[in-house]
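Chains as they are written, first to last, in numbering that gives the first Met the number 0: chain A, 0 to 343; chain B, 0 to 343; chain C, 0 to 343; chain D, 0 to 343.
Number of protein chains: 4
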Amino acid sequence: MVKVGIVGGTGYTGVELLRLLAQHPEAEVVVITSRSEAGVKVADMYPNLRGHYDALAFSVPDSAALGACDVVFFATPHGVAHALAGELLAAGTTVIDLSADFRLQDADEWARWYGQPHGAPELLGEAVYGLPEVNREQIKQARLIAVAGCYPTATQLGFLPLLEAGLADISRLIADCKSGVSGAGRGASVGSLFSEAGESMKAYGVKGHRHLPEISQGLRRAVGGEIGLTFVPHLTPMIRGIHATLYATVVDHSIDLQALFEQRYANEPFVDVMPAGSHPETRSVRGANVCRLAVHRPQGGDLVVVLSVIDNLVKGASGQAIQCMNIRLGLDERMGLSHAGMMP
Amino acid sequence: MVKVGIVGGTGYTGVELLRLLAQHPEAEVVVITSRSEAGVKVADMYPNLRGHYDALAFSVPDSAALGACDVVFFATPHGVAHALAGELLAAGTTVIDLSADFRLQDADEWARWYGQPHGAPELLGEAVYGLPEVNREQIKQARLIAVAGCYPTATQLGFLPLLEAGLADISRLIADCKSGVSGAGRGASVGSLFSEAGESMKAYGVKGHRHLPEISQGLRRAVGGEIGLTFVPHLTPMIRGIHATLYATVVDHSIDLQALFEQRYANEPFVDVMPAGSHPETRSVRGANVCRLAVHRPQGGDLVVVLSVIDNLVKGASGQAIQCMNIRLGLDERMGLSHAGMMP
Amino acid sequence: MVKVGIVGGTGYTGVELLRLLAQHPEAEVVVITSRSEAGVKVADMYPNLRGHYDALAFSVPDSAALGACDVVFFATPHGVAHALAGELLAAGTTVIDLSADFRLQDADEWARWYGQPHGAPELLGEAVYGLPEVNREQIKQARLIAVAGCYPTATQLGFLPLLEAGLADISRLIADCKSGVSGAGRGASVGSLFSEAGESMKAYGVKGHRHLPEISQGLRRAVGGEIGLTFVPHLTPMIRGIHATLYATVVDHSIDLQALFEQRYANEPFVDVMPAGSHPETRSVRGANVCRLAVHRPQGGDLVVVLSVIDNLVKGASGQAIQCMNIRLGLDERMGLSHAGMMP
Amino acid sequence: MVKVGIVGGTGYTGVELLRLLAQHPEAEVVVITSRSEAGVKVADMYPNLRGHYDALAFSVPDSAALGACDVVFFATPHGVAHALAGELLAAGTTVIDLSADFRLQDADEWARWYGQPHGAPELLGEAVYGLPEVNREQIKQARLIAVAGCYPTATQLGFLPLLEAGLADISRLIADCKSGVSGAGRGASVGSLFSEAGESMKAYGVKGHRHLPEISQGLRRAVGGEIGLTFVPHLTPMIRGIHATLYATVVDHSIDLQALFEQRYANEPFVDVMPAGSHPETRSVRGANVCRLAVHRPQGGDLVVVLSVIDNLVKGASGQAIQCMNIRLGLDERMGLSHAGMMP
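Laid out in structure tokens, this is it:
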């Protein structure tokens, strides 16, 4: 059994790790930390876990206990993994970070977007971006994996076939993204209240959102150069789900887009290209580690519309983290992640 | 008092007309028709109207009764107004049609999108498109008003300042629109069930939606020529509200977009340009006859993002219809429509 | 014009007062206080109010400014009205308190339930409980009105006809109540997050909820003696609305319950007894100052089921407060409150 | 592998059977019938199943194909199992019926509540009521299992400890139950539309609901005599979940209710008695085959309040059906059903 530690397990990505790992046949969560909830059993905080983790309780972060794990997941606000990752790596533990701490390769860019200095620039060199559909081989060897964010996963998986094939005008890409409210986390904030976020829709962060540089970095990698991206996130009255609606101008009309997408993801266990003409629903991936895609060219014009849906807490966070763990440990990549989405 | 008739009042735009007209000091609903519900009191079908319309009952459509009204609203599926409007116009009644029957000026285009021949092409010449912010003067004289649709209202009001000023690359406009479920009407359909549309998001009609030609027609009028528009509607888990996120490339960087929008709508009672940097929420217009706009230029690039929200049943349907009625009858345009949105 | 002040206007009952007063022809809000938001325009915090209160801004509480008002509403957490009411009364202002500060006649009982000493027991003698259907005459003369709470309004209006007529076994009354999330207020708390309260239902406070003594006091008054009441509140995934399902054993089988209820409320402008066999929906009163009731005797047994719905922010708070103001000032009781609920 | 057939798999209990059976290691769905959708792949209708059932398609009901199955589930409207069950039993197939066809032992009572004659009274003698916590031994031998309904499961599991121990006044039991909208099924009906059922709450069927005789039958069995039950179901704006709030008067004050409940369900894998003072949330069982209970005695009085939550589609339908199958076939009762609920 793989011994798993979780740092900061009180938030939504933490409880989702616990839910998914409970059905993973090769993993056992042996330590989960939270300063504020130390001593509280996880099943008392999350009653859905009653019967699954009856002994496990939150504990104060302790390097020795975490360092004794085979894998440690960080499900923390940004900055925490900066402080602890180095020590765990030195202890021989694999670190899989669900936060944004090691996603941007450029420490200065990180500092600009997060408003504080990067806390562990010396580790950036070995951090591998945790998007298996791009980086599977590197993940197999990685000691430090920076799991891709939710918007970045949905957006990159939708754009990549076009960009890798050199088919899009890369100077004018648009990602109009809609997220469920759980993407804002479990922290108490007025904007995430039921009575504020319910029965309403709004854009936010149009001026600039922290996922913009992460997406741009991934798209630049795909094309080997600069790209122009406009990213507009929206808050949607649902708990889980991201729907990315992606717009790109194609420069070659002769290409069969459906075949292009199907071929790109033919061997990917967690990317599902739907039949031509489809409109994926976020609920079709609710609770499941799947990105479901459809590609359209409305009225046969040169503008391509890609529809991409994920569950922000699964393929956009905790499921993808476990997928990375499976790859890293040489397990079947689908282990613990093969269940279907919940619909309705 | 203005004598008002409503044809087809059992749907959401019908009950919303009743709700709004109940507080209109100069209008009295004297007849409301429904073949299927004839004899049923409106307050039995819509208990929110108890105490407001205790005597009013649905009746079988009758030309004489409708023709005796000063104004008749059609809150019907397409095709119904085609059949009845001519007779009512001949009787001297003003017809305000909330359906799509007279929105497209080209009968052949209408036939293509609606899959049946246009039923009253002879009336198209005098039909006035009911978007007061564009056509106020013509509405004052109109006998037949084709109230603008919900997506078209939000989209046109957002694009018009840019297009009228000649500032946008009109060949590549994008309208990414999100609608609440009430936009699909009150008909029983699986796709609009709570358990299907709840907790999920999806695009639909990417190949082509009936509001596309309506929007295109309005934008062509604004620029005096052809335009290129991609329109992607989405279904969102809320009852009311449309959020249009509009993308246009500006051709002149020197323009002050905020000032442009504020000036365009300075005298419009029902268009509210929010301060720079704002993100309008659909709930801020819930139940109110308002279109709320914000304009952004992310990262100072040449792509402009306009955010436009309305209540699809009010400024996107019944409220706008009453606004047209007020204009047509020389009443204060705001009469019966001056209440604030309901938040939360 | 009546000069109105609002203390603590940043919460949901505050913004609802503003929404309703905006359409009140005889009231003008001249001061609204909030320590934390002093200087912020109300329309910047609540964009639905743009165009309605463009000059009004929150200010630091100031006794002189408030004392110069004809009426001051308290839309504050408990304890605040205790501290300020006396001074305002001394200045000749009518105080209408939406908080729980003066609802319980017994200061010791208040202290037990609220965990702090009562701050103004000397004012209890003149505080009038603001439930017009019970206390209309006293409200006309009151200087200090303690507006009935949301659960207490729905529950008392449902039980009163039975109890006043001496028809129920008063030792075993049950109120199973369901509330929308806005009842928990606008404070940031994890339990009220969209992702916590959405798509779920739970009871809370079964051991004892602060509205229990308030309801019991009202029912005792109706019967002139002790009563036995079990009150179980539930949190429901909707923004607005309370549905009270009330159970009582009747001691006289011969009575016509429908007639009893209709007669009790025959002259009440804001209580609507629905036809026999009805099931009122909370949405039928959304945004409206109405309590809608239905009475059932399932299977003809001796257990009576009363269904009672209100909008917790209107008839359960701000609307009822304005109703009290109208009564107090000798205005038409329905002024500003006559609009229909919003459905859908 | 157990060969499984499903009759009528297009509804919510059908797709939920498919979702759960996809992760069942010993079951394989070999036939699923639907007249209206014959020829359609299940994964085309339910995209969440893509990758899980890529070959399986709906077929016209065929007795030979169904009779060749080891187990056939009926996920059909009432009346269908009446017509087909006999033939399948004759073929040696075990029939597990999720509909109401064989739940009531009395054919005449069934006929009264369902408005049509019972179609297979000759099979009632061997029909076993599929509530494993009551009937596990009989289920082991049963050829025909009538899976308990959703409200009846939540209600009976909550009342049984009290009733079996002879502790309650059985003449005045109250079940105030709240259900998510999926309980109304996937049929297109106005009342289940998002815009009708959303943001609202209402009681329904107060006069008499079809689950009343089923619950009463189960409670009578527990006490060995007549009982008096008032059952009020409510429609709640969530997709999944039932919350039963149960009221009973206890006749013996000395009993330790918490211990009573814990002992009653000590060996039950799918009933979870929460710690004293708890308030179970429906979301804690979302997607999981669990009934979660808490028992309260407010203010130490003689009225006991039991809170009982299930997912209506899992422990209230498809999960319970699979639990019955596991018991019947001698498999581990938890097989395929051991995953945690999804929260948030």
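We treat Cβ as the ideally placed atom computed from N, Cα and C, and that holds for glycine. Computed from a predicted model, the values in this text were never measured in an experiment.
| Asked | Found |
| --- | --- |
| Beta-carbon contacts of A/P212 that lie in its chain and below 7 Å, excluding the five residues immediately before and after | L103, E108 and W112 |
| Closer than 7 Å to chain D by CB, A/H208 | no |
| Check whether C/I169 and C/R327 have beta carbons under 7 Å apart | no |
| Continuous beta strand (DSSP E) stretch holding D/P232: start and end | L228 to L234 |
| Neighbourhood of D/H278 by C-beta, 7 Å cutoff - its chain only, sequence neighbours within 5 removed | A293 and L306 |
| Beta bridge counterpart(s) of C/K201 as assigned by DSSP | C/L234 and D/E280 |
| Nonlocal neighbours in the same chain, by C-beta distance under 7 Å from D/I238, ignoring five residues either side | G179, V180 and S181 |
| Closer than 7 Å to chain C by CB, A/L193 | The sequence given here has Phe at residue 193 of chain A, not Leu. Yes - at least one Cβ of chain C is within 7 Å of the one on A/F193. |
| Proximity test, Cβ basis, 7 Å: A/I238 and chain C | yes |
| As assigned by DSSP and simplified to three states, the class of C/S58 | strand |
| Reduced DSSP secondary structure (H/G/I, E/B, other) of C/E132 | helix |
| As assigned by DSSP and simplified to three states, the class of B/Y113 | helix |
| Near-chain C residues of the segment 141–163 of chain A - C-beta to any C-beta below 7 Å | none |
| Contacts that B/H278 makes with chain A (C-beta to C-beta distance below 7 Å) | K201, A202, Y203 and V205 |
| Identified DSSP bridge partners for A/L192 | C/L192 |
| Chain C within 7 Å of B/S283, Cβ atoms only | yes |
| Nearest-angstrom Cβ-Cβ length linking B/D251 and B/L166, presumed shorter than 8 Å | 6 Å |
| Residue range of the unbroken beta strand (DSSP E) whose run includes B/V289 | Unbroken run through B/V289: none, as it is neither H nor E. |
| Test: B/A90 CB closer than 7 Å to a CB of chain C | no |
| Three-pair Cβ contact test at 8 Å for the segment 126–137 of chain A versus the segment 319–334 of chain A | yes |
| Where the segment 12–24 of chain D meets chain A: residues whose CB sits under 7 Å from a CB there | V14, R18, A21 and Q22 |
| Of the residues D/A56, D/P297 and D/C290, the one placed nearest C/F230, counting alpha carbons only | D/P297 |
| Identified DSSP bridge partners for A/E27 | A/K2 |
| 7 Å Cβ cutoff, A/D310 in contact with chain D | no |
| Spatially closest choice to D/L20 from D/T248, D/M44 and D/K2, by CA coordinates | D/K2 |
| Chain-ordered neighbours of B/Y246 on chain A, where CB pairs are closer than 9 Å | I173, D175, T229, V231 and Y246 |
| Cutoff 7 Å: C/H242 Cβ touching any chain D Cβ | yes |
| Closest by C-alpha distance to C/A174, when choosing among C/S62, C/A320, C/G129 and C/T152 | C/T152 |
| Three-way DSSP call (helix, strand, coil) for B/Y52 in this model | coil |
| Among B/G340, B/T235 and B/G217, nearest to B/R282 - alpha-carbon criterion | B/G340 |
| At least three beta-carbon pairs within less than 8 Å, the segment 26–46 of chain D to the segment 76–95 of chain D | no |
| D/S194 to D/K201 span [Cα, whole Å] | 14 Å |
| B/M342 burial status per 10 Å Cβ neighbour count (16 or more: buried) | buried |
| Option nearest D/G157 by Cα separation, candidates D/A90, D/A106, D/A67 and D/Q257 | D/Q257 |
| Check whether A/V355 and A/V249 have beta carbons under 7 Å apart | The displayed coordinates of chain A run from 0 to 343. Any statement about residue 355 of chain A would go beyond what the structure contains. |
| Neighbour flag for A/V189 against chain C, beta carbons, 7 Å | yes |
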